[in-house]
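Chains as they are written, first to last, in the numbering used here: chain A, 6 to 527; chain B, 2 to 267.
C-beta: ideal position from N, C-alpha, C; glycine also.
Since this is a predicted model, take the numbers as computed values, not measurements.
To keep things clear, I will list the structure first and then write my remarks on it.
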Ligand SMILES: [Cu+2]
């Protein structure tokens, strides 16, 4: 241990310069995770502004224009600032540890892809203080509305370009690491599921992010250089933007969930004390979900007036995704089946993930049915659906991963009792927040409105109470992390008795250059 | 799940006793809205059954297969037979869903043989209605009372405003038992015309003319609003449809025409 520290000191400056110049996968992973946590709270505060305004009908707190800025920024920050960087942070920490590598393949690139983020988000968030305010056309930036915005638009587009750049660099690094730096004997079909899901996610990122960059660049030239790609009066087509955007947007949805699948597939076997059921079919299911994600985009826009044949094609293709997704859920249940289960905090979050993600998946199946979607589209039913797959989906998986690997990263154990309290508060409030949204959506409340007809009052009030409860529960999470670092309850190499994988063969915390000599995988 | 959440919520918030606990899609009054509703309920029940089965197995396992009960872990980790079964069965269920969905969709998209045509144009932030056969046109926007009450800190109790945010100055009048073709477009940004009880929504897009049809089976007043984010007053462009029997509708049409001639002569 001390030898390792000495070794480390040869390489790195101390203090703030350590973090700015670091090329170490663990340092960069930590940076990503802290950054994600910060963005999670900023995006969360915006969500609370939204929920506070929607607590009762009438406008009490903000004007509609600012409300629209909040919904737009909340989405951009949560997607690009909280969920994606959290997954990249987990990949940075875990991929080298899980494949038996000393570090990532491209460490300087790694430093770059992180340090782009704080600048991009500072620029994006600063637009809220511009005259005319930040972006207010929704995170989907649909023209012509997005072309009407104030001066914020070029800044937001530039920051999204930077975020895309960061994601693509990160993805290249992950692919290079996984394909080149696995320990001898670790064939592709022996890789841990988390590594597999990230490999596939990285390909999705490389394929999808440039498409977004293209779409928003066309917006930019429409606004400032007189083109009319999306302006009907100039011969352009506003619907074209939606097609391009969702060609990026649907793979993006899976970018936000596939690594979560990998995390759940890692945690469940540990606490079931039984190997993952159907490893091969899990890999194939993940790959088929990724491929299908490129041919279902138009299900986000069934109401734009596509030809019947188009509507049928996208309906069938979307329904088809239920098959590999179902395989995943069934495999998880089969992994638990006849295991010898214990219910530590990461396991609790994983089980809640399966239940609540499945609810979100089933409402997604309902949304695929075009005639019914004509009613659901752009209502709170959709808001309920995607929050079920993103909050108790992606975010629960991230929280589970942090509890699961924190002992490995720090060598210290969190307070299990507080962890369980955190779990129950979070799970109860997430449902109090998002379940009633199904009801108001079906009853006819559109999304993205700051004020509503009085028949929607009760469920909105409940959702708002839930949202504040959820927010406060996350402050407890902060305290648990702080307490774990302060209390110094140390753990050995293997924090969980049922854990499998190379990361548990290293000390906790692992040495600076994780595996200096590659381990043998038989 | 719904029931559990319901119990949970009602214990949490005893104060807001049943005022309006509308939890489902309205069945509506047009063939398209009823078809959408039936399909919605069918798929909903299928997903409920799937949910109960999957969560039931999970719950059984969570209760019985615990280390604290001394349960020894099995070692199996694959079974081709089982995996094929749970790939094929969902596929068959999906086909079972796709058939009625396809039929309904074909019916919904068939706008032929309509008797009258209503053209709807979305503006920031109002609607324009044009009756193409009868050459009637007017704008329809949020009513004065709602518009006053909706201002930030207006100090008007919105619960006392009649049909708050769901009332307009000029409602659309339409005949019952008539196949009406609706043409949708917009003059500035995207909007979407949606009255839940009359069926689904469709986007109003500048440069496009979208089509949908309705056939209102019961006279009445049906309310809805713009469903596609269209700027700061997106929440404040309601839609009110007044459906009346054919004879009354024809009377209304001739009054509109007389009014128009009168205004022209002035
Ligand atoms: Cu509108």
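Please name the residue in B:205, B:162, B:144 whose C-alpha comes closest to that of residue 237 of chain A.
Within the first chain, numbered from 1, the residue matching residue 237 of chain A stands at position 232. For the residues B:205, B:162, B:144, the minimum Cα distance to residue 237 of chain A belongs to B:205.
| query | residue 139 of chain B touches chain A at which residues, Cβ-Cβ below 7 Å? | reply | Within the second chain, the letter at position 138 stands for residue 139 of chain B. Here the premise fails: no neighbours, minimum Cβ distance about 23 Å.
| Are the C-beta of residue 501 of chain A and some C-beta of chain B separated by less than 8 Å? | One-based indexing of the first chain puts residue 501 of chain A at position 496. With 8 Å as the cut-off, residue 501 of chain A does not count as an interface residue toward chain B.
Where residue 281 of chain A meets chain B, residues with beta-carbon distance less than 9 Å: Residue numbering aside, residue 281 of chain A sits at position 276 when the first chain is read from its first letter. The contacting residues are 78.
#### Entry: Helix, strand or coil at residue 239 of chain B according to DSSP, with G and I counted as helix
On the second chain, position 238 is the one that residue 239 of chain B refers to. Note: residue 239 of chain B maps to strand in three-state DSSP.
Identify the residues that DSSP records as bridge partners of residue 245 of chain B: which are they?
For the purposes of this step, residue 245 of chain B is identified with residue 244 of the second chain, where counting begins at 1. Per DSSP, B:176.
Helix, strand or coil for residue 73 of chain A per DSSP? The sequence position of residue 73 of chain A within the first chain is 68, counting from 1. Here residue 73 of chain A sits in helix by DSSP.
Report task. Taking C-beta pairs closer than 8 Å, name the residues in chain A that residue 151 of chain B reaches, listed in chain order. Result -> Numbered from 1 along the second chain, position 150 holds the residue referred to as residue 151 of chain B. Chain A residues near residue 151 of chain B: 63, 64, 456.
message: Against residue 99 of chain B, what residues of chain A qualify as contacts under a CB-to-CB distance less than 8 Å, listed in chain order?
response: One-based indexing of the second chain puts residue 99 of chain B at position 98. Per Cβ cutoff of 8 Å: 320, 321, 324.
For residue 505 of chain A, return the contacting residues in chain B, with the cut-off set at a CB-CB distance below 9 Å.
For the purposes of this step, residue 505 of chain A is taken as the residue at position 500 of the first chain. In chain order: nothing, as chain B lies at least about 12 Å away.
Worksheet item: Can you find a C-beta in chain A that's less than 8 Å from the C-beta of residue 246 of chain B?
Response: As a position in the second chain, residue 246 of chain B is number 245, starting the count at 1. Not closer than 8 Å to any Cβ of chain A, the Cβ of residue 246 of chain B fails to qualify, so no.
Open item on the list: With a threshold of 8 Å, are at least 3 pairs of Cβ atoms found where one atom belongs to the segment 152-168 of chain B and the other to the segment 183-201 of chain B?
Closed with: no
Per DSSP, which one or two residues make a beta bridge with residue 495 of chain A?
Reading the first chain from its first residue, position 490 is the one you call residue 495 of chain A. BP columns for residue 495 of chain A point to A:417.
| message | By DSSP's criteria, residue 226 of chain B is part of a beta bridge. Which residues make up the other side? | response | Against the second chain, residue 226 of chain B aligns to sequence position 225. Per DSSP, B:239.
**Q.** Residue span of the beta strand (DSSP E) that contains residue 162 of chain B, given as start and end
**A.** Counting from 1 along the second chain, the entry for residue 162 of chain B is found at position 161. Premise fails: residue 162 of chain B is in no beta strand (DSSP E) and is neither H nor E.
Return no unless some Cβ of chain B is closer than 8 Å to the Cβ of residue 227 of chain A.
Residue mapping note: residue 227 of chain A aligns to position 222 of the first chain, counting from 1. Output row for residue 227 of chain A: interface = no.
Q. Between which two residues does the alpha helix (DSSP H) carrying residue 117 of chain B extend?
A. On the second chain, residue 117 of chain B is found 116 positions in, with the first residue counted as 1. Run containing residue 117 of chain B: none in the alpha helix (DSSP H); it sits in the beta strand (DSSP E), 117-124.
Note to self: For residue 364 of chain A, which residues in the same chain have their Cβ closer than 6 Å to its Cβ, ignoring the five residues on either side in sequence?
What the structure shows: By one-based count along the first chain, residue 364 of chain A stands at place 359. Contacts found: 393.
message: Would residue 455 of chain A and residue 384 of chain A be called neighbours here (beta carbons separated by less than 8 Å)?
response: On the first chain, position 450 is the one that residue 455 of chain A refers to. On the first chain, position 379 is the one that residue 384 of chain A refers to. Cβ atoms of residue 455 of chain A and residue 384 of chain A: not closer than 8 Å.
Cα-Cα, which of A:466, A:514, A:495 is closest to residue 22 of chain B?
-> The residue you call residue 22 of chain B lines up with position 21 of the second chain. Closest option to residue 22 of chain B, Cα to Cα, is A:466.
What does the Cβ neighbour count give for residue 258 of chain B, buried or exposed, with the cut at 16 atoms within 10 Å? Position 257 of the second chain, counted from the first residue, corresponds to residue 258 of chain B. Residue environment for residue 258 of chain B: exposed (fewer than 16 other C-beta atoms within 10 angstroms of its C-beta).
> Thinking C-beta only, is residue 446 of chain A closer than 8 Å to residue 388 of chain A?
Replying inline: Working through the first chain from its first residue, we reach residue 388 of chain A at position 383. Working through the first chain from its first residue, we reach residue 446 of chain A at position 441. When the beta-carbon positions are compared, residue 388 of chain A and residue 446 of chain A come within less than 8 Å of each other.
> Shorter than 8 Å from the beta carbon of residue 73 of chain A to some beta carbon of chain B?
Replying inline: As a working note, residue 73 of chain A is residue 68 in the first chain. So yes, residue 73 of chain A belongs to the interface.
Three or more beta-carbon pairs under 8 Å between the segment 59-76 of chain B and the segment 336-349 of chain A, yes or no?
yes
| Nearest neighbour of residue 145 of chain B, chosen from B:169, B:122, B:78 [CA to CA] | Numbered from its first residue, the second chain carries residue 145 of chain B at position 144. If we check each option's Cα against that of residue 145 of chain B, B:169 comes out closest.
Quick test of your reading: residue 408 of chain A and residue 354 of chain A, contact by CB under 8 Å. State the CB separation rounded to the nearest angstrom. As a first step, residue 408 of chain A is located in the first chain; it is residue number 403 there, counting from the start. As a first step, residue 354 of chain A is located in the first chain; it is residue number 349 there, counting from the start. With a Cβ gap of about 7 Å, residue 408 of chain A and residue 354 of chain A count as contacting.
Review point. In chain B, which residues lie less than 8 Å from residue 398 of chain A when you measure between Cβ atoms?
Key: As a working mapping, residue 398 of chain A is identified with position 393 in the first chain. Result: empty, since nearest Cβ-Cβ is about 16 Å, beyond 8 Å.
- Other residues of its chain near residue 415 of chain A: CB distance less than 8 Å, five sequence neighbours each side excluded: Counted from its first residue, the first chain places residue 415 of chain A at position 410. These residues qualify, in order along the chain: 489, 490, 513, 514.
Secondary structure at residue 211 of chain B, three-state DSSP: helix, strand or coil? Taking the second chain and counting its residues from 1, the one referred to as residue 211 of chain B is at position 210. DSSP places residue 211 of chain B in strand when its eight states are reduced to three.
Residue 87 of chain B at chain A interface by Cβ criterion, 8 Å:
Reading the second chain from its first residue, position 86 is the one you call residue 87 of chain B. Closer than 8 Å to some Cβ of chain A, the Cβ of residue 87 of chain B qualifies, so yes.
Residue 33 of chain A to residue 324 of chain A span [Cα, whole Å]:
To locate residue 33 of chain A, count along the first chain from 1; it is residue 28. To locate residue 324 of chain A, count along the first chain from 1; it is residue 319. Those two C-alpha atoms are separated by around 39 Å.
Nearest-angstrom Cα separation, counted from residue 222 of chain B out to residue 180 of chain A:
In the first chain, residue 180 of chain A corresponds to position 175, counting from 1. In the second chain, residue 222 of chain B corresponds to position 221, counting from 1. Take the alpha-carbon of residue 180 of chain A and the one of residue 222 of chain B: they are about 59 Å apart.
Cβ-heavy atom distance, residue 143 of chain A to ligand 1, below 7 Å
Along the first chain, one-based indexing puts residue 143 of chain A at 138. Not so, every heavy atom of ligand 1 lies at least 7 Å from the Cβ.
Requested in this report: Compile a chain-ordered list of the residues in the segment 335-359 of chain A whose CB is closer than 9 Å to at least one CB of chain B.
Outcome: 335, 336, 337, 338, 339, 340, 341, 342, 343, 344, 345, 346, 347, 348, 356, 359
Quiz prompt | Contacts of residue 367 of chain A in chain C (Cβ-Cβ under 8 Å) | solution = The structure shown contains no chain C; its protein chains are A and B.
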